[in-house]
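Visitor: Chains as they are written, first to last, in numbering that gives the first Met the number 0: chain P, 0 to 256; chain U, 0 to 269.
Built from N, CA and C at the ideal position, the CB exists for glycine as well.
Here it is: the structure, laid out below.
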Amino acid sequence: MYWYSPLNTHQRVGVARLKVDIQEKSFRSSNGEAIDVLRDLHFEVEQNEFACILGPSGCGKTTTLRILLGLEGSYDGSVELPGLAEPRVGAVFQEPILLPWCSVEQNVRLALPKRSRGANLDALFRILGLAAMRTFYPGELSLGLARRAAIARALAIEPDILLLDEPFVSLDEATADQLRHLLLSVWSERPTTALMVTHNVQEAIMLSDRIIVFSDRPAHVVGTFDIRVPRHSRNAQVRADLLRSFHAKFSDGGAGP
Amino acid sequence: MSVVSTERRGAREVAPLPGSRRWTSSVMVLLSFAVLMILWHIGATFWPSRSFPAPLLVLQKFTSETASGDLPYHLAITLWRVAASFFLAMIIGSVIGVFLGTHRRADQFFNPWLILFLNIPALVIIVLAYIWFGLNEATAIGAVALNKIPNVIVTMREGTRALDGRYAEMARVYRFSAIDRLRHILLPQLQPYIAATSRSGVSLIWKIVLVVELMGRSNGIGFQINLFFQLFDVAAILAYTLAFIAVMLFIELVLVQPLEHTSTRWRRPA
Chain P
0 MYWYSPLNTH QRVGVARLKV DIQEKSFRSS NGEAIDVLRD LHFEVEQNEF ACILGPSGCG
60 KTTTLRILLG LEGSYDGSVE LPGLAEPRVG AVFQEPILLP WCSVEQNVRL ALPKRSRGAN
120 LDALFRILGL AAMRTFYPGE LSLGLARRAA IARALAIEPD ILLLDEPFVS LDEATADQLR
180 HLLLSVWSER PTTALMVTHN VQEAIMLSDR IIVFSDRPAH VVGTFDIRVP RHSRNAQVRA
240 DLLRSFHAKF SDGGAGP
Chain U
0 MSVVSTERRG AREVAPLPGS RRWTSSVMVL LSFAVLMILW HIGATFWPSR SFPAPLLVLQ
60 KFTSETASGD LPYHLAITLW RVAASFFLAM IIGSVIGVFL GTHRRADQFF NPWLILFLNI
120 PALVIIVLAY IWFGLNEATA IGAVALNKIP NVIVTMREGT RALDGRYAEM ARVYRFSAID
180 RLRHILLPQL QPYIAATSRS GVSLIWKIVL VVELMGRSNG IGFQINLFFQ LFDVAAILAY
240 TLAFIAVMLF IELVLVQPLE HTSTRWRRPA
């Protein structure tokens with residue numbers, strides 16, 4: 000049905016709506032002091048919506064994402080995907096985190112559930128431009144290619160929700176832009192609820208339907224910025240306008256990205 | 000940590016030799032052994048003595064002992080004991096080492112025990128084991144393993160502390176099964192430590208096995224060497240020892256090195 004669907008789970012596509020209600024999350028620093036990271040953080044991501052979390056660095060964006068990934072133990076509040084008992088989560092971390100002793104293809108296949116390890120991934124690798132790299136080890140890839148492999152891994156499991164933590168950081172601008180377009184085209188073919196953390200306003204405007212702006216630490220939602228212009232018509236002029244109105248809305252909101 | 004880094008450097012020196020250099024290096028090894036043999040022969044010719052046999056005499060002893068079936072039999076027995084206690088020590092030591100590496104409290108509590116066991120002489124462990132558990136095969140193998148286990152624990156604990164937590168998190172997010180975590184996350188990261196402790200383990204264990212055999216077994220190389228000691232048969236002692244060293248070198252060449260080469264091939268980009 001979809002142009003690639005190795006696991007044949009298209010019937011599940013697009014059922015996820017993400018609801019985040021976190022009252023408090025704090026860390027204990029090495030000298031025993033409690034550091035509030037998140038406080039009264041509430042937001043939702045509609046199903047099949049691509050949302051971006053934007054905020055100053057160190058404000059708790061990554062912590063929020065780690066809570067969603069189930070990697071943070073204790074916090075007050077709840078995070079749910081209503082209607083899904085066992086959601087499949089596709090994650091792209093800040094670093095690719097590929098297993099260096101496994102080939103690109105093994106890295107992707109290991110993320111698949113046991114019964115679908117043999118799935119046909121040709122289309123996925125072709126789309127992401129990795130067809131020739133399947134047998135390569137991660138150590139033989141450039142950062143851009145390793146990022147592609149990490150994206151391939153996240154998409155291969157046909158996620159109910161896609162979580163991306165600054166997936167284009169520390170790439171040169173040309174490569175980053177190429178990867179953004181690639182992600183967008185793959186995502187548009189098979190939309191899924193997606194949440195991306197970034198500190199790049201331009202990137203957020205280009206990719207997302209909605210920008211969720213975080214305050215400085217302890218983070219809460221300062222406001223959201225809906226982008227009602229379809230992606231294909233976000234040319235340079237429209238983007239500049241969006242950027243101006245974004246800054247107009249948030250210039251005194253304490254977000255200052 | 001230092002053990003591991005020298006281990007890696009050593010492996011790298013062997014691996015990427017181009018054809019001609021590998022050829023000259025094996026010629027060098029042969030030449031070196033030949034010179035040693037010649038010196039030995041000259042020495043034995045100039046100072047003939049029953050306690051210093053010439054290499055040819057040792058070779059004769061070796062062929063006669065092999066023909067009678069004695070040497071292969073005792074060699075096989077010793078090899079089996081080395082293998083059994085090696086795997087026992089590696090498995091038990093690794094499990095405890097990984098546990099202590101991940102549980103700080105347990106590590107703090109058991110560390111003094113570990114230091115104690117590291118410092119008990121092999122001979123004491125063997126004697127006590129024989130006294131407490133009797134002169135039998137299980138005691139022999141267990142006593143040898145017990146000598147090696149503390150070393151394995153220390154190395155594997157170090158390896159576990161050096162694990163990269165990001166891989167475990169990735170495995171959690173993508174719901175890796177327990178088997179996959181072991182095979183693709185834990186073991187590959189511990190591989191250099193396993194290699195280091197295996198190397199030192201085999202050489203340590205076979206020496207201790209000989210002591211165990213000498214003291215409480217009625218077969219094996221150690222038993223035979225004790226017998227020849229009573230008979231003052233130095234040629235036989237050397238024949239048995241050299242035969243065993245040759246076997247261990249053979250195992251290293253055909254088993255350990257190729258295995259290590261395969262498991263570390265991802266470190267050498269093609």
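So for Phe109 of chain U, helix, strand or coil by DSSP?
Guide: In the second sequence, residue 109 of chain U corresponds to position 110, counting from 1. Helix, per DSSP.
Visitor: For Thr261 of chain U, tell me which candidate among P:Pro229, P:Trp100 and P:Glu79 has the shortest Cα-Cα distance.
Guide: Within the second sequence, numbered from 1, the residue matching residue 261 of chain U stands at position 262. Selected option, being the one with the closest Cα: P:Trp100.
Visitor: Is the CB of Thr8 of chain P under 7 Å away from at least one CB in chain U?
Guide: Counted from its first residue, the first sequence places residue 8 of chain P at position 9. Low local confidence applies: a pLDDT of 49 at Thr8 of chain P is under 50, so the model's placement there is unreliable, with the coordinate-based value given in what follows. It does not; no Cβ of chain U falls within 7 Å.
Visitor: Whose CA, out of P:Arg146, P:Leu64 and P:Arg16, lies closest to the CA of Gly128 of chain P?
Guide: Position 129 of the first sequence, counting from 1, holds the residue named residue 128 of chain P. Among P:Arg146, P:Leu64 and P:Arg16, the Cα nearest to that of Gly128 of chain P is on P:Arg146.
Visitor: Can the beta-carbon of Met169 of chain U be found closer than 7 Å to that of Ile150 of chain P?
Guide: Position 170 of the second sequence holds residue 169 of chain U. Position 151 of the first sequence holds residue 150 of chain P. In this structure, Ile150 of chain P does not lie closer than 7 Å to Met169 of chain U by Cβ.
Visitor: By how many angstroms is the C-alpha of Arg264 of chain U removed from the C-alpha of Gly117 of chain P?
Guide: Position 118 of the first sequence, counted from the start, is the residue given in the question as residue 117 of chain P. Position 265 of the second sequence, counted from the start, is the residue given in the question as residue 264 of chain U. Cα-Cα distance, rounded: 24 Å.
Visitor: Are Phe92 of chain P and Asp164 of chain P touching if we call contact CB-CB under 7 Å?
Guide: By 1-based counting over the first sequence, the position of residue 92 of chain P is 93. By 1-based counting over the first sequence, the position of residue 164 of chain P is 165. Yes, Cβ-Cβ distance for Phe92 of chain P and Asp164 of chain P is below 7 Å.
Visitor: Measure the alpha-carbon distance for Arg27 of chain P versus Glu157 of chain P and round it to whole angstroms.
Guide: Along the first sequence, one-based indexing puts residue 27 of chain P at 28. Along the first sequence, one-based indexing puts residue 157 of chain P at 158. Those two C-alpha atoms are separated by around 36 Å.
Visitor: From Glu270 of chain U to Phe85 of chain U, what distance separates their C-alpha atoms?
Guide: Outside the displayed span of chain U (0 to 269) sits residue 270 of chain U, for which this structure offers no information.
Visitor: Along chain U, which residues have their Cβ under 7 Å away from the Cβ of Pro327 of chain P?
Guide: Given that chain P is displayed from residue 0 to residue 256, the structure contains no residue 327 of chain P and the question cannot be resolved.
Visitor: Beta-carbon within less than 7 Å of Ile34 of chain P's beta-carbon, same chain only, minus the 5 sequence neighbours each way: which residues are those?
Guide: Position 35 of the first sequence, counted from the start, is the residue given in the question as residue 34 of chain P. Answer for Ile34 of chain P: Ser25, Phe26 and Ser28, listed in chain order.
Visitor: Met36 of chain U to Asp69 of chain U, Cα distance in whole Å?
Guide: In the second sequence, counting from the first residue as 1, residue 36 of chain U sits at position 37. In the second sequence, counting from the first residue as 1, residue 69 of chain U sits at position 70. Cα to Cα, the separation comes out at about 25 Å.
Visitor: What's the gap between the Cα of Glu94 of chain P and the Cα of Ser250 of chain P?
Guide: The residue given as residue 94 of chain P occupies position 95 in the first sequence. The residue given as residue 250 of chain P occupies position 251 in the first sequence. For Glu94 of chain P and Ser250 of chain P, the distance between alpha carbons rounds to 31 Å.
Visitor: Could you confirm whether any beta carbon from chain U is found closer than 7 Å to the beta carbon of Ala84 of chain P?
Guide: To locate residue 84 of chain P, count along the first sequence from 1; it is residue 85. Judged by the 7 Å Cβ criterion, Ala84 of chain P is not in contact with chain U.
Visitor: Which first and last residues belong to the beta strand (DSSP E) in which Phe231 of chain U is found?
Guide: For the purposes of this step, residue 231 of chain U is taken as residue 232 along the second sequence, with counting starting at 1. Run containing Phe231 of chain U: none; DSSP gives neither H nor E here.
Visitor: So which residues of chain U does Gly278 of chain P contact, with C-beta pairs closer than 9 Å?
Guide: For chain P, the structure presents residues 0 to 256; residue 278 of chain P sits outside this window and is missing.
Visitor: Within 7 Å (strictly less), CB to CB, does Tyr173 of chain U reach chain P?
Guide: In the second sequence, the residue the question calls residue 173 of chain U occupies position 174. It does; some Cβ of chain P falls within 7 Å.
Visitor: Determine, for Arg7 of chain U, whether the minimum Cβ-Cβ distance to residues of chain P falls below 7 Å.
Guide: Counting from 1 along the second sequence, the entry for residue 7 of chain U is found at position 8. Annotation note: pLDDT 42 at Arg7 of chain U (below 50); position unreliable, coordinate value reported separately. So, not an interface residue.
Visitor: What three-state label does DSSP hand Asp215 of chain P in the structure shown?
Guide: Looking up residue 215 of chain P in the first sequence gives position 216. In the structure shown, Asp215 of chain P sits in coil (DSSP, three-state: anything other than H, G, I, E or B).
Visitor: When you compare the region 81–98 of chain U with the region 171–180 of chain U, are there three or more beta-carbon pairs, one atom per stretch, that lie closer than 8 Å?
Guide: Touching, no.
Visitor: Helix or strand or just coil, what does DSSP make of Ile125 of chain U?
Guide: If you number the second sequence from 1, residue 125 of chain U lands on position 126. Of the three classes helix, strand and coil, the one that applies to Ile125 of chain U here is helix, per DSSP.
Visitor: In whole angstroms, what is the alpha-carbon distance linking Phe274 of chain U and Ser202 of chain U?
Guide: Outside the modelled stretch of chain U, which goes from 0 to 269, sits residue 274 of chain U, for which no answer is possible.
Visitor: With a cut-off of 7 Å, does the C-beta of Met169 of chain U fall near any C-beta of chain P?
Guide: Looking up residue 169 of chain U in the second sequence gives position 170. Yes, Met169 of chain U counts as interfacial toward chain P.
Visitor: Against chain U, with Cβ distances strictly below 7 Å, would Leu68 of chain P count as a contact?
Guide: Counting from one through the first sequence, the residue named residue 68 of chain P turns up at place 69. Closer than 7 Å: yes.
Visitor: Which full runs of the alpha helix (DSSP H) of 4+ residues lie inside the region 151–239 of chain P, going along the chain?
Guide: List check, alpha helix (DSSP H) in window: 172–188 and 200–206.
Visitor: In the structure shown, what three-state DSSP assignment does Ser77 of chain P receive?
Guide: Residue numbering aside, residue 77 of chain P sits at position 78 when the first sequence is read from its first letter. DSSP places Ser77 of chain P in strand when its eight states are reduced to three.
Visitor: Mind checking Leu117 of chain U: buried by the 16 CB within 10 Å criterion, or exposed?
Guide: By 1-based counting over the second sequence, the position of residue 117 of chain U is 118. With fewer than 16 Cβ atoms within 10 Å of its Cβ, Leu117 of chain U is classed as exposed.
Visitor: With distance defined between alpha-carbon atoms, name the residue in P:His219, P:Arg152, P:Ala218 and P:Arg125 nearest to Asn106 of chain P.
Guide: If you number the first sequence from 1, residue 106 of chain P lands on position 107. Ranking the options by Cα distance to Asn106 of chain P, first place goes to P:Arg152.
Visitor: Note down the Cα distance separating Gly89 of chain P from Ile124 of chain U, rounded to an integer number of angstroms.
Guide: For the purposes of this step, residue 89 of chain P is taken as the residue at position 90 of the first sequence. For the purposes of this step, residue 124 of chain U is taken as the residue at position 125 of the second sequence. Cα to Cα, the separation comes out at about 53 Å.
Visitor: Opposite Lys24 of chain P in the DSSP bridges: which residues?
Guide: Here residue 24 of chain P refers to the residue found at position 25 of the first sequence. In the DSSP output, where bridge partners are listed per residue, Lys24 of chain P has P:Leu37.
Visitor: Between which residues of its own chain and Leu258 of chain U is the CB-CB distance below 6 Å, once the five residues before and five after are set aside?
Guide: Position 259 of the second sequence holds residue 258 of chain U. Counting only Cβ-Cβ distances below 6 Å, and skipping sequence neighbours, we find nothing.
Visitor: Can you give me, in chain order, the residues of the region 175–188 of chain U that have a beta carbon less than 8 Å from any beta carbon in chain P?
Guide: Cβ contacts with chain P come from Phe175, Ser176, Asp179, His183, Ile184 and Pro187.
Visitor: Just checking: is the beta-carbon of Leu109 of chain P within a distance shorter than 7 Å of some beta-carbon in chain U?
Guide: By one-based count along the first sequence, residue 109 of chain P stands at place 110. Yes, Leu109 of chain P lies at the interface with chain U (some Cβ there is under 7 Å from its Cβ).
Visitor: Using DSSP with H/G/I as helix, E/B as strand and the rest coil, what is Glu71 of chain P?
Guide: To locate residue 71 of chain P, count along the first sequence from 1; it is residue 72. Three-state result, Glu71 of chain P: coil.
Visitor: Please confirm if Arg165 of chain U has its CB atom under 7 Å from at least one CB of chain P.
Guide: Numbered from its first residue, the second sequence carries residue 165 of chain U at position 166. Yes, Arg165 of chain U counts as interfacial toward chain P.
Visitor: As a quick exercise: from P:Asp225, P:Asn47, P:Val237 and P:Gly31, pick the residue whose alpha carbon is nearest that of Arg16 of chain P.
Guide: Start at 1 with the first residue of the first sequence, and residue 16 of chain P comes out as number 17. Comparing Cα-Cα distances from Arg16 of chain P to each of P:Asp225, P:Asn47, P:Val237 and P:Gly31, the minimum goes to P:Asn47.
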